[in-house]
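The structure appears below as structure tokens.
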């Protein structure tokens, strides 16, 4: 009986502590438009990094999100820019984020097949 209780308690603890991952995919049939060129405004101060603009899905279409200056969240952080991959259901965006590694920047801006 004690072993059964211990097993149940361990199973319950694992279920509660396990992270819940939910992925909501937004797919658009057409690829995003070409990346726009933007002139960078003046650097607002030391320690800022430029984050290029990108196309984001919005209501079944794309809308442009302008580039911006931002401060990395920690020393040595790299900006991994947003990009799109093509799947059977259409184009899906992978959002940009700060990362500890530049991953060799193996994906180009914008579109992947």
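Numbering (mature numbering (1 follows the signal peptide of the UniProt record, and there is no 0)), first residue to last: -22 to -1, 1 to 91. Even for Gly, the Cβ is constructed at its ideal location relative to N, Cα and C. This one's a predicted model, so the numbers in the text were calculated from it and none came from an experiment.
{"Item": "Let me know the secondary structure DSSP gives residue 35 once reduced to three states.", "Value": "strand"}
{"Item": "Ordered along the chain, which non-local residues of its own chain (more than five positions away) have a Cβ less than 6 Å from that of residue 6?", "Value": "35, 68, 69"}
{"Item": "Going by DSSP in three states, residue 77 sits in which element: helix, strand or coil?", "Value": "strand"}
{"Item": "Taking residue 73 as the reference, give the member of 33, 21, 22, 13 with the closest Cα.", "Value": "33"}
{"Item": "I need the DSSP call for residue -12, collapsed to helix, strand or coil.", "Value": "The predicted model places residue -12 with a pLDDT of 48, which falls under 50 and marks its position as unreliable; any figure quoted below should be read in that light. Three-state result, residue -12: helix."}
{"Item": "Tell me the rounded alpha-carbon separation between residue 56 and residue 30.", "Value": "13 Å"}
{"Item": "Leaving out five residues on either side along the sequence, give the residues of the same chain with a beta carbon under 7 Å from the beta carbon of residue 48.", "Value": "26, 27, 29"}
{"Item": "Once DSSP output is grouped into helix, strand and coil, what is the label at residue 43?", "Value": "strand"}
{"Item": "Look at the Cβ atom of residue 10, then the Cβ atom of residue 40, and state whether they are nearer than 8 Å.", "Value": "yes"}
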